[in-house]
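Here is the structure we will look at, set down as structure tokens.
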Amino acid sequence: MAEMLAGRLHLTERALRLETVPVPEPAPGQVRIKVAAAGVCLSDVHLIDGTLTPLYLPGDVVTLGHEVAGVVDALGDGAEGWQPGQRVLLQAGERDRRGTVFTRGVDYDGGWAEYAVASQETVVPIPDELPFEQACIIPDAVSTPWAAVTDTGRTRPGEAVAVWGVGGLGAHAVQLLRLVGAAPLIAVEPLAAARDRALSLGADAALDPGDSAFRDAVLGLTGGRGLDVAFDFAGVTAVREQALTVLGRRGRLVLAGIANKPVTIPSDSPFNYLQQAVLGHYGSEAEHVEQLVSLARQRRLDLSASVSDVLPLAEADQAVRRVQSKQGNPIRLILRP
């Protein structure tokens, strides 16, 4: 039986182990891909440290990795329309007939491995000119902020926006908000290097949330009207509290980061009078990934700056430590089998 290397999370011990396991065979309706690149997400770190726990995993061991790209290797019975060698990425998860979302690398085996299997409905073709290292991060790292910007936040051209947290998701949010024409586009980030990065990615201004003149700066940049949309990609209570102080009339606060804390509105009077809203956001839909692949194909979206480093799969534990410690302030680290 053919074997492969895989990064496996043992939940009872919260231990990541690089193990040799059998190469999976595609079931009917599935496609097996030879993995070329897989992203390392903060969610992977949180699965290892116990902050997150799979809801639907049938067992206590799973191969991590929900951001995956590679080439078609084999087809299960009934899988049609795919050719061996075809370049593809995998959606980060799928829904069953009842609408339950199962996440790759969380509820079933993911792509921190030499091979991965996927339902053919979750396989998306990618153009030859899109590198695997960039393609693999489109599901989640790029599609989550894209869905937050376009669907949940319903951001329109000319609206004043701010992004709190310019990490793996927020950095892409800056690019995507510029793409849809938001202006002014403000990045809010305590780290000076991340503020500089936000400016290089298209932010009109980058502010330190700890600056005593923060609120005056936002009002100055927005002509006194405040923000139309505020995006929390940090998942920090203090971010929500600060964002609510600079929302304008009909302003929307989009919670893309998860704090596992109560969301408090200090006073309902101004909140109601200004007709403001707090909107929850999670993940993306299949259509968002397909839209982003199309934008990359048309050269409207450049993700080259998002690949902070590429490491061999055998060094997955090192990649996890670097993401956890924010060493080098990465947007995305990529594993290559």
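Mapping to full-length UniProt numbering: the sequence shown position 245 is 245, numbers consecutive.
Where a beta carbon is used, it is the ideal one built from N, C-alpha and C, also for glycine.
Status (buried if at least 16 other CB within 10 Å, exposed otherwise) for residue i
i, result
"S269", "exposed"
"T264", "exposed"
"T12", "exposed"
"L55", "exposed"
"A148", "buried"
"R98", "exposed"
"R250", "exposed"
"A314", "exposed"
"T53", "exposed"
"A2", "exposed"
"Y108", "buried"
"T63", "buried"
"Y115", "buried"
"P22", "exposed"
"E189", "buried"
"S304", "exposed"
"G7", "buried"
"A27", "exposed"
"R332", "buried"
"P127", "exposed"
"R245", "Contrary to the premise, residue 245 reads as Thr rather than Arg in this sequence. It is exposed - the Cβ of T245 has fewer than 16 other Cβ atoms within 10 Å."
"G165", "buried"
"residue 338", "Given a span of 1 to 337 for the chain in the structure shown, any question on residue 338 remains unanswerable."
"S43", "buried"
"T20", "exposed"
"R240", "buried"
"A194", "buried"
"S267", "exposed"
Given residue i as reference, the closest of the options once Cα atoms are compared
i, options, result
"G93", "G251, H66 and V71", "H66"
"D196", "E133, S212, L176 and G167", "G167"
"P145", "G158, A162 and L130", "A162"
"L16", "R336, V320 and P330", "V320"
"L301", "P131, R322 and V323", "P131"
"R32", "F233, V307 and G76", "G76"
"A160", "R178, H172, G50 and G170", "R178"
"L201", "W112, A187 and R225", "A187"
"V45", "Q298, Q86, A316 and P337", "A316"
"G39", "N329, L191 and L311", "L311"
"A173", "G220, F231, A183 and E285", "F231"
"G226", "K34, T237, G165 and G158", "G158"
"L199", "A171, P84 and L18", "A171"
"P58", "G165, L18 and H10", "H10"
"L18", "A194, V61 and V72", "V61"
"Q291", "L176, G110, A203 and A238", "L176"
"T122", "D228, V88, A74 and H281", "V88"
"V124", "N272, G50 and Q91", "Q91"
"E133", "G111, N272, A238 and V117", "G111"
"D96", "S119, G181, A192 and P84", "S119"
"I48", "D204, V323 and V218", "V323"
Element boundaries [beta strand (DSSP E), containing residue i]
i, result
"Q318", "Run containing Q318: none in the beta strand (DSSP E); it sits in the alpha helix (DSSP H), A316 to S325."
"R8", "E3 to H10"
"I137", "From DSSP, I137 is part of no beta strand (DSSP E); its letter is neither H nor E."
"Y115", "Y115 to S119"
"E290", "Looking at the DSSP string, E290 is not in any beta strand (DSSP E); the run it does join, the alpha helix (DSSP H), is A286 to R297."
"D228", "L227 to D232"
"L301", "From DSSP, L301 is part of no beta strand (DSSP E); its letter is neither H nor E."
"P125", "V123 to P125"
"T63", "V61 to T63"
"T20", "A15 to P22"
"R249", "L247 to L255"
Bridge partners - residue i, DSSP secondary structure assignment
i, result
"F214", "DSSP output for F214 lists no bridge partner at all."
"K261", "Its beta-bridge partners do not exist; DSSP assigns none."
"Y282", "In the DSSP output, where bridge partners are listed per residue, Y282 has none listed."
"F132", "Paired residue(s): none; F132 is not in a bridge."
"G39", "I334"
"E94", "F102"
"D309", "L333"
"R32", "A74 and V117"
"A205", "I186"
"V166", "V166 pairs with nothing; no bridge assigned."
"L55", "L55 is not bridged to any residue."
"L89", "A69 and V124"
"V149", "DSSP lists no partner for V149."
"A277", "R252"
N- and C-terminal bounds of the alpha helix (DSSP H) containing residue i
i, result
"residue 410", "A query on residue 410 cannot be resolved here, the shown segment of the chain reaching from 1 to 337 and no further."
"T237", "T237 to L244"
"T178", "Checking the sequence, you will find Arg at residue 178 rather than Thr. Segment G170 to V180, the alpha helix (DSSP H) holding R178."
"V45", "L42 to D49"
"S269", "D268 to Y273"
Beta carbon proximity, residue i to chain C, threshold 8 angstroms
i, result
"T51", "This model lacks chain C altogether; it includes just one protein chain."
Q: Evaluate contact between the stretch 132-143 and the stretch 202-219, counting only Cβ atoms and requiring at least three cross-stretch pairs below 8 angstroms.
A: The stretch 132-143 vs the stretch 202-219: no contact.
Q. Do the stretch 100-109 and the stretch 148-159 make contact, defined as three or more Cβ pairs closer than 8 angstroms?
A. no
(Q) I'd like to know if the stretch 242-258 and the stretch 267-281 are in contact, where contact means that at least 3 CB-CB pairs between them fall below 8 angstroms. (A) These segments touch.
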